[in-house]
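Notes follow the structure.
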Amino acid sequence: MNAVKGLPSERVTLFIKNGVYYEKLIIPALFPKISLIGESREKTIITYDDYSGKPSNIRIGTSNSYTVLIEGNDFYAENLTIQNTAGTVGQAVALNINANRAIINNCSLLGNQDTLFTSAGRAVNYFKDCYIEGTTDFIFGDATTLFENCTIHSKKNSYITAASTPQESTFGYVFKNCKLTADENTTQVYLGRPWKNFAKTVFMNCEMGKHVRPEGWHNWSKPDAEKTTFYGEYKCTGAGFQPKKRVAWSHQLKRAEAKKYTMENILGLDFSKTIKEMYSIKK
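The sequence shown begins at 18 in my numbering and counts up one residue at a time.
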């Protein structure tokens, strides 16, 4: 990053060779339109081991326990593994996206509690063909985010998502055509719980393993949140999809409701156009 000038007028692409890079990486807000392309997803690894409460000269909390922090808008990553190896010591973020219009393609995000933090309210993000693993609330935060064709892997009996969607946001987390998997001894996993009371999370056409609890969703011991959250599912499959046993305050979307969940509606017209142009070029 030291060789890149701030506020570039055109996209800057940095190619990263295979290797294990032990560092905290920050893409500052002055550096939009940065692309990080790894040589290979399995062997290009950015790793660190901070966690909330770790003894340090500076106070480490959840938000700065990251391995990688993205603050520059229009960021793109491909063929990378980003991991936090702190272990089961509490909140330990692998990737914190505090930016707008980030695209994460064919990447692995590895950690335990709080692996992925989408921390920018009113921002939109897009994840495609990614593998995301963790234990508790390992996908959490404010931003509207679309996940397509991703594998979401639970390592512990806990919660997958903890959205804190702003009240004014129409969409929160949307998972399309994703696969929910788990470690062998993980058998009791909730799809989500509300970090804040207007959390929105929807799973569409996803394959859910038997580790997903029949009731599906948890209110985080906040009964009032049952009136304000929006938790939904549509045409999912697998042993973990038990719509008749879901909590009464969740939603099984009707076809007319599901039609609203287009990329354009979720992410906006301009960002959706960028994504579609990008992937038509790659194909």
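Glycine included, each C-beta is placed from N, C-alpha and C at the ideal position.
- Item | N-terminal and C-terminal residue of the beta strand (DSSP E) that T98 is part of | 98-101
- Query: Between E232 and P260, what straight-line distance do the alpha-carbon atoms span, to the nearest angstrom?
  - Reply: 8 angstroms
- Item | Reference Y93; option with closest CA among A216, K290, N123 | N123
- Task: Report yes or no: do the stretch 112-127 and the stretch 174-183 share at least 3 C-beta pairs separated by less than 8 angstroms?
- Result: no
- Is the stretch 231-245 touching the stretch 268-282 in the sense that three or more CB pairs, one from each, lie closer than 8 angstroms? no
- Message: In the DSSP output, what is N113 paired with across the bridge?
- Response: L86, F134
- Item | Burial state of R139, where buried means 16 or more other Cβ atoms lie within 10 Å | exposed
- Assign L126 to buried or exposed, taking buried as 16 or more other Cβ atoms, counted over all protein chains shown, within 10 Å of its Cβ. buried
- Task: Would you tell me roughly how many angstroms separate the C-alpha atoms of T84 and K196, rounded to the nearest one?
- Result: 25 angstroms
- Looking at A137 and A116, is the spacing between their C-beta atoms short of 8 angstroms? yes
- Query: Are D9 and Q100 close, meaning C-beta to C-beta below 8 angstroms?
  - Reply: For residue 9 there is no data in the structure shown, the boundaries of the chain being 18 and 300.
- Message: Quick check on S52: does DSSP put it in helix, strand or coil?
- Response: strand
- Query: Can you tell me whether L31 is buried or exposed, with buried defined as 16 or more other CB within 10 angstroms of its CB?
  - Reply: exposed
- Do you know how far the Cα of T153 is from the Cα of F247? 20 angstroms
- Item | Same chain, Cβ closer than 8 angstroms to C167, neighbours up to 5 away in sequence not counted | F144, K145, D146, C147, Y148, I149, F192, C195, K196
- Message: Using a Cβ-Cβ cutoff of less than 6 angstroms, which residues in the same chain neighbour K213 once the five nearest sequence positions on both sides are dropped?
- Response: S181
- Task: Please classify K262: is it buried, with 16 or more other beta-carbons within 10 angstroms of its beta-carbon, or exposed?
- Result: exposed
- Task: With a threshold of 16 other CB atoms inside 10 Å of the CB of E294, please say whether the residue is buried or exposed.
- Result: exposed
- Item | DSSP state of L197 mapped onto helix, strand, coil | strand
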